[in-house]
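Undergrad:
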Amino acid sequence: MVLMLASEGFITLKQIYTDGTKIEAQAGLYTFVCSNSIKTNKAKMLTQFEELWKYAQSIDNDEQPNPDPTKFKEISKEVIEKTVAKIDAKLSGNHKASSKAKAKLRYIKNNFVANLEKYEQHQAILKERNSYSKTDTDATFMRMKEDHTLNGQLKPAYNTHISTENQIIVHYTIHQNPTDTRTLKPHLENLEQTYGKEVLQQLKEITADAGYGSEENYDYLE
0 MVLMLASEGF ITLKQIYTDG TKIEAQAGLY TFVCSNSIKT NKAKMLTQFE ELWKYAQSID
60 NDEQPNPDPT KFKEISKEVI EKTVAKIDAK LSGNHKASSK AKAKLRYIKN NFVANLEKYE
120 QHQAILKERN SYSKTDTDAT FMRMKEDHTL NGQLKPAYNT HISTENQIIV HYTIHQNPTD
180 TRTLKPHLEN LEQTYGKEVL QQLKEITADA GYGSEENYDY LE
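Going left to right, the sequence shown walks through residues 0 to 221 as numbering that gives the first Met the number 0 numbers them.
(1) Would you mind giving the Cβ-Cβ distance between residue 141 and residue 114, rounded to the nearest angstrom? I have them listed as a contact below 8 Å.
(2) Within 10 Å of its beta-carbon, does residue 196 have 16 or more other beta-carbons around it, so buried, or fewer, so exposed?
(3) For the alpha helix (DSSP H) containing residue 139, name the first residue and the last one.
(4) Residue 81 lies in the alpha helix (DSSP H); which residues open and close that run?
(5) By a C-beta neighbour count over all protein chains shown, 10 Å radius and 16 as the cutoff for buried, is residue 216 buried or exposed?
(6) DSSP has residue 156 in a bridge; who is on the other side?
(7) Excluding sequence positions up to five away, which residues of its chain have a Cβ less than 6 Å from the Cβ of residue 172?
(8) Is it buried or exposed, residue 237, if we count other Cβ atoms within 10 angstroms and call 16 or more buried?
(9) At a cut of 8 Å, does the region 12–23 reach the region 99–119 through at least three beta carbon pairs?
(10) Taking DSSP as the reference, what is the three-state secondary structure of residue 107?
(11) What residue range does the alpha helix (DSSP H) around residue 37 cover?
(12) Is residue 110 closer than 8 Å to residue 34 when the C-beta atoms are compared?
(13) In the DSSP assignment, find the unbroken beta strand (DSSP E) run with residue 211 in it and report its ends.
(14) Distance, Cα to Cα, residue 68 vs residue 46?
(15) So is residue 4 buried or exposed if we call it buried at 16+ other beta carbons inside 10 Å?
(16) Relative to the alpha-carbon of residue 198, which residue among 169, 175, 219 and 183 has its alpha-carbon at the smallest distance?
(17) Let me confirm a value: residue 220 is counted as buried when at least 16 other C-beta atoms fall within 10 Å, else exposed. Which label applies?
(18) What whole-angstrom Cβ distance do residue 30 and residue 132 have, given they're in contact under 8 Å?
(19) Classify residue 174 as buried or exposed, calling it buried when 16 or more other Cβ atoms lie within 10 Å of its own Cβ.
(20) Please state whether DSSP places residue 164 in a helix, a strand or coil.
(21) Ordered along the chain, which non-local residues of its own chain (more than five positions away) have a Cβ less than 7 Å from that of residue 152?
(22) How many angstroms separate the CA atom of residue 78 from the CA atom of residue 102?
(23) Could you check the C-alpha separation between residue 82 and residue 58 for me, to the nearest Å?
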C-alpha cells in the first residue's frame, strides 16, 4: 500500500530510523567457498610451476638452456599448457629426470586446467564478496550473534536493512555484504529509486546507530 501511494507521489518522509540485522540463510553450514583460499591455491600452482621449471632447466642436456624467465606472473590455461609442453620436452628421455618430478608433471597435466576452471567459476560467483555458500550462492558467510550456547560463528546469511518512520516500515533492502558501513549508501539509493529523488530530498533527518559510521557515509549524507 505504501509503495503504491509512493508511486502516485503522495508520500512524504521527514525523519526515518534505519537499522539492520543478519538473517541466516537456508543453506549448508559446511559449504564454504572463500576468495582467500582461491588466491592461495592459485599462488601455490604458480610456485609449483616455478619449482618444476627450475628443476627442468637444471637437468637440461642442452648447453644453452631455455632463457625464458622462471617467474610466472599469473596462472591461466595458456600458461599451463605452454609450460607443461616445455617441461615435458626437457624431462622426456632425460635419464637425469627423477620419478618424483615426472609424477608432479603428470599431476599438473591431469589437474591444473580443471582446477583453474573451478576457481574461475567460484570467482565469477563471488564477484566482490569474500565468501559464498555452495547450496545458496547468493548467501554470504557472516559473523552471527551468539546462540543460546554462546557460540558466535560464521553462517550463510543475508544482511537486511529496514527504514521506519513513526514505527511504520517505509523501506527495506537486502545485502550480501556483512558490514553495515557499506550498506547505508546503497540502501538510500534504493529508497530514491523506489520513491523518487524529490522524496529523498525531503528527508530532514536519518537516524542510525554507530555501525553505519564511516567517513564515506558522512560525506555521502552531507
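Even glycine gets a Cβ: it sits at the ideal position worked out from N, Cα and C.
TA: On the basis of the data shown:
(1) To locate residue 141, count along the sequence shown from 1; it is residue 142. To locate residue 114, count along the sequence shown from 1; it is residue 115. 28 Å between Cβ atoms; not a contact.
(2) Position 197 of the sequence shown, counted from the start, is the residue given in the question as residue 196. It counts as exposed.
(3) The residue labelled residue 139 in the question sits at position 140 within the sequence shown. No alpha helix (DSSP H) holds residue 139; the beta strand (DSSP E) holding it covers 139–142.
(4) Taking the sequence shown and counting its residues from 1, one reaches residue 81 at position 82. 76–90 is the span of the alpha helix (DSSP H), which, as asked, contains residue 81.
(5) The count along the sequence shown starts at 1 and reaches residue 216 at position 217. Its Cβ being crowded by 16 or more others within 10 Å, residue 216 is buried.
(6) On the sequence shown, residue 156 is found 157 positions in, with the first residue counted as 1. Residue 156 is bridged to 23 and 139.
(7) Locating residue 172 in the sequence shown gives position 173, where the first residue counts as 1. Within the same chain, residue 172 has close Cβ partners 160, 186 and 189.
(8) With the chain running from 0 to 221 in the structure shown, residue 237 is simply not present.
(9) no
(10) As a working mapping, residue 107 is identified with position 108 in the sequence shown. If DSSP states are grouped into helix, strand and coil, residue 107 belongs with the helices.
(11) As a working mapping, residue 37 is identified with position 38 in the sequence shown. 34–57 is the span of the alpha helix (DSSP H), which, as asked, contains residue 37.
(12) If you number the sequence shown from 1, residue 34 lands on position 35. If you number the sequence shown from 1, residue 110 lands on position 111. Contact: no.
(13) Within the sequence shown, numbered from 1, the residue matching residue 211 stands at position 212. Element bounds for residue 211: n/a, residue is neither H nor E.
(14) In the sequence shown, the residue the question calls residue 68 occupies position 69. In the sequence shown, the residue the question calls residue 46 occupies position 47. Per-residue confidence for residue 68 stands at a pLDDT of 48, beneath the threshold of 50, marking its modelled position as unreliable; the derived number appears in the next sentence. Rounded to whole angstroms, residue 68 to residue 46 spans 13 Å at the Cα level.
(15) In the sequence shown, counting from the first residue as 1, residue 4 sits at position 5. Note that residue 4 has pLDDT 40, beneath the 50 cutoff, so the model's placement of it is unreliable and no number is given.
(16) Position 199 of the sequence shown holds residue 198. The residue with the shortest Cα to Cα distance from residue 198 is 169.
(17) The sequence position of residue 220 within the sequence shown is 221, counting from 1. Residue 220 comes out exposed.
(18) In the sequence shown, the residue the question calls residue 30 occupies position 31. In the sequence shown, the residue the question calls residue 132 occupies position 133. With 8 Å as the limit, residue 30 and residue 132 qualify as a contact, their Cβ atoms being about 5 Å apart.
(19) Taking the first residue of the sequence shown as 1, we reach residue 174 at position 175. Buried.
(20) On the sequence shown, position 165 is the one that residue 164 refers to. Here residue 164 sits in strand by DSSP.
(21) Residue numbering aside, residue 152 sits at position 153 when the sequence shown is read from its first letter. So the qualifying residues of the chain are 143.
(22) In the sequence shown, counting from the first residue as 1, residue 78 sits at position 79. In the sequence shown, counting from the first residue as 1, residue 102 sits at position 103. Taking the straight line joining both Cα atoms gives about 19 Å.
(23) Numbered from 1 along the sequence shown, position 83 holds the residue referred to as residue 82. Numbered from 1 along the sequence shown, position 59 holds the residue referred to as residue 58. The straight-line gap from Cα to Cα measures roughly 16 Å.
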